[in-house]
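Protein chains: 2
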Amino acid sequence: MTTPVPDRLRLDQQICFSLNAASRAFGGVYRVLLKDLGLTYPQYLVMLVLWEHGELPVKKLGEHLRLDSGTLSPLLKRLEAAALVVRERSERDERSVRVRPTEAGTALRERAAEVPLRIAAATGFDLAEVQDLRARLDRLTAALDAFGPASAPAPS
Amino acid sequence: MTTPVPDRLRLDQQICFSLNAASRAFGGVYRVLLKDLGLTYPQYLVMLVLWEHGELPVKKLGEHLRLDSGTLSPLLKRLEAAALVVRERSERDERSVRVRPTEAGTALRERAAEVPLRIAAATGFDLAEVQDLRARLDRLTAALDAFGPASAPAPS
DNA sequence: CGAGATTAGATTGTGCACAACTTAATTGTG
DNA sequence: CACAATTAAGTTGTGCACAATCTAATCTCG
């Protein structure tokens, strides 16, 4: 026993674990707050983008959310089944599918307006802390992305 | 258009989005690094706990990772199929199932030893930044947890 | 123009997260 | 002791994330 592996491997020092835990804890709070609206958290993110931009092809939606069609296609299908969005083939480019909120989808925006406030309250963070944390996380994401796709040539 | 909803709803100000994105970006890097080991990221976390503690009932494992049996049971079944762990009913309490790494599972620890280093390199963060970020995230998680299960009584 | 490359979206398959439920063992209390 | 309550795992069903693959439309260039 007692392999010569130092603290580096200790779970409680793994930032990824904290990140993962925080992300799931957020998910739990969102689940509660979004239940009334009939939305899951990823669906809510999609609606946020649509509320802001009005209408977008699936591709653009995916760029905003860093999600691919494998995730978005079924998710959008569920939102369409819930009558919150409509999807239609672009006439200019038959490959593209444009997604836009229905009237019900747009109306939902007002009911969702208090969600961010309640989330902010749940975090116990003030605005400055939130901004700061967000900046760090975005920097982290950028660094990881640079490493991620098509890399990892074993530096050793 | 232009519902009277302020910046609060703007996607790019939502910390949860940054958190989610960072978490998935981490997932991508881990996926690359763990591919050789034949582990997914959640499986790696389980192995970390087992490497540290040697043998644990599923319940304890879940407490360390904040995961329930609905997630752990099939995950452990896959780790067992990969011959990295064994599960056996406790004799003292037949309800409990104790999980422990096999010899192959223990051996894997050495091959995994460089993973944290490579992750650290990928983040571009120094140790102090990592510690700091982790502390903030853990505080955030604690706050969210306090809110989460059996709460949400609409403070307004 | 026309064949190959590229692009958008959908589909398939694997694995995780979690709620809700089931089963079986244990504990607590009268 | 008996029986209700609790507890540990497992199971089922839904939804998300992502790789790999497929189809159809568009683009590019000879």
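Residue numbers (the working numbering), protein chains in the order written: chain A, 1 to 156; chain B, 157 to 312.
By construction, the Cβ of each residue, glycine as well, lies at the ideal position given by its N, Cα and C atoms.
Short-range partners of chain A found in the stretch 162-195 of chain B, where Cβ spacing is below 8 Å: R164, L165, R166, L167, Q169, Q170, I171, C172, F173, S174, L175, N176, A177, A178, S179, R180, A181, F182, G184, V185, Y186, V188 and L189
Status (buried if at least 16 other CB within 10 Å, exposed otherwise) for L195 (chain B): Residue mapping note: residue 195 (chain B) aligns to position 39 of the second sequence, counting from 1. Its Cβ being crowded by 16 or more others within 10 Å, L195 (chain B) is buried.
In the DSSP assignment, what residue or residues form a beta bridge with R254 (chain B)? On the second sequence, position 98 is the one that residue 254 (chain B) refers to. Note: R254 (chain B) sits in a beta bridge opposite B:P213 and B:E244.
Of all the CB atoms in chain B, is at least one closer than 7 Å to the CB of V130 (chain A)? For the purposes of this step, residue 130 (chain A) is identified with residue 130 of the first sequence, where counting begins at 1. Taking 7 Å as the CB threshold, V130 (chain A) lines the interface with chain B.
Short CB-CB distance (under 7 Å) between R292 (chain B) and chain A: For the purposes of this step, residue 292 (chain B) is taken as residue 136 along the second sequence, with counting starting at 1. It does; some Cβ of chain A falls within 7 Å.
Can you check which of these residues, B:P198, B:A181, B:L175 and B:W207, is closest to G261 (chain B) by C-alpha distance? Walking along the second sequence from the start, residue 261 (chain B) turns up at place 105. Out of B:P198, B:A181, B:L175 and B:W207, B:W207 has the C-alpha closest to the C-alpha of G261 (chain B).
Go ahead and pull the three-state DSSP assignment for W280 (chain B). Here residue 280 (chain B) corresponds to residue number 124 of the second sequence, with the count starting at 1. One point to set straight first is that residue 280 (chain B) is Gly, not Trp, in the sequence displayed. Note: G280 (chain B) maps to coil in three-state DSSP.
Taking the C-alpha atoms as reference points, what is the distance between G226 (chain B) and Q169 (chain B)? Taking the second sequence and counting its residues from 1, the one referred to as residue 226 (chain B) is at position 70. Taking the second sequence and counting its residues from 1, the one referred to as residue 169 (chain B) is at position 13. When rounded, the distance between both Cα atoms is 33 Å.
On a CA-only basis, which of B:R248, B:A263, B:R243 and B:L264 is nearest R254 (chain B)? Give me that one, please. Counting from one through the second sequence, the residue named residue 254 (chain B) turns up at place 98. Answer by Cα proximity: B:R243.
Out of curiosity, what's the CA-to-CA distance linking G62 (chain A) and S179 (chain B)? Start at 1 with the first residue of the first sequence, and residue 62 (chain A) comes out as number 62. Start at 1 with the first residue of the second sequence, and residue 179 (chain B) comes out as number 23. Using only the alpha carbons, I get a separation of about 17 Å.
Does P257 (chain B) pass the burial test, meaning 16 or more other C-beta atoms within 10 Å, or should it be called exposed? For the purposes of this step, residue 257 (chain B) is identified with residue 101 of the second sequence, where counting begins at 1. P257 (chain B) is buried by the Cβ-count criterion.
E247 (chain B) to P213 (chain B) span [Cα, whole Å]: To locate residue 247 (chain B), count along the second sequence from 1; it is residue 91. To locate residue 213 (chain B), count along the second sequence from 1; it is residue 57. Those two C-alpha atoms are separated by around 12 Å.
Quick one: Cα of C16 (chain A) to Cα of Y197 (chain B), how far? The residue given as residue 16 (chain A) occupies position 16 in the first sequence. The residue given as residue 197 (chain B) occupies position 41 in the second sequence. One C-alpha to the other measures close to 10 Å.
From L283 (chain B) to L289 (chain B), what distance separates their C-alpha atoms? The count along the second sequence starts at 1 and reaches residue 283 (chain B) at position 127. The count along the second sequence starts at 1 and reaches residue 289 (chain B) at position 133. For L283 (chain B) and L289 (chain B), the distance between alpha carbons rounds to 10 Å.
In terms of residue numbering, what span does the alpha helix (DSSP H) encompassing T106 (chain A) cover? Within the first sequence, numbered from 1, the residue matching residue 106 (chain A) stands at position 106. T106 (chain A): member of the alpha helix (DSSP H) spanning E103 to A112, first to last residue.
Using a threshold of 7 Å, state whether the C-beta atoms of R118 (chain A) and L37 (chain A) are closer than that. On the first sequence, residue 118 (chain A) is found 118 positions in, with the first residue counted as 1. On the first sequence, residue 37 (chain A) is found 37 positions in, with the first residue counted as 1. Taking 7 Å as the Cβ cut-off, R118 (chain A) and L37 (chain A) do not qualify as a contacting pair.
Is S307 (chain B) helix, strand or coil by DSSP? What you label residue 307 (chain B) is simply residue 151 of the second sequence in a count that begins at 1. Unreliable positioning characterises S307 (chain B) in this predicted model, as indicated by a pLDDT of 41, which lies under 50. The coordinate reading is nonetheless provided below. The three-state secondary structure of S307 (chain B), taken from DSSP, is coil.
List the residues of chain A that L289 (chain B) touches, going by C-beta distances under 9 Å, in chain order. Position 133 of the second sequence, counted from the first residue, corresponds to residue 289 (chain B). In chain order: I15, S18, L19, L133, R136, L137 and L140.
Closest Cα partner of V115 (chain A) within the set A:A25, A:Y30, A:H64 and A:R66: Start at 1 with the first residue of the first sequence, and residue 115 (chain A) comes out as number 115. It is A:Y30 whose Cα lies nearest to the Cα of V115 (chain A).
Would you mind reading off the limits of the alpha helix (DSSP H) that contains G183 (chain B)? Stepping through the second sequence from its first residue, residue 183 (chain B) is reached at position 27. First-last of the alpha helix (DSSP H) with G183 (chain B): I171 to L190.
Skipping 5 residues on each side, what residues in its chain have a beta carbon closer than 8 Å to that of S156 (chain A)? The residue you call residue 156 (chain A) lines up with position 156 of the first sequence. Confidence at S156 (chain A) is low in this model, with a pLDDT of 27, below 50, so the placement of that residue is unreliable and no value is reported for it.
Could you tell me which of B:L300, B:G184, B:T297 and B:K215 sits nearest to R251 (chain B), measuring between CA atoms? Locating residue 251 (chain B) in the second sequence gives position 95, where the first residue counts as 1. The residue with the shortest Cα to Cα distance from R251 (chain B) is B:K215.
Through-space distance from E211 (chain B) to E110 (chain A), alpha-carbon basis: Taking the first sequence and counting its residues from 1, the one referred to as residue 110 (chain A) is at position 110. Taking the second sequence and counting its residues from 1, the one referred to as residue 211 (chain B) is at position 55. E110 (chain A) and E211 (chain B): Cα-Cα distance of roughly 51 Å.
Cα separation between G124 (chain A) and D93 (chain A)? As a working mapping, residue 124 (chain A) is identified with position 124 in the first sequence. As a working mapping, residue 93 (chain A) is identified with position 93 in the first sequence. Going from the Cα of G124 (chain A) to the Cα of D93 (chain A) covers about 47 Å.
CB contact below 7 Å: R66 (chain A) versus chain B: The sequence position of residue 66 (chain A) within the first sequence is 66, counting from 1. At least one CB atom of chain B sits nearer than 7 Å to the CB of R66 (chain A).
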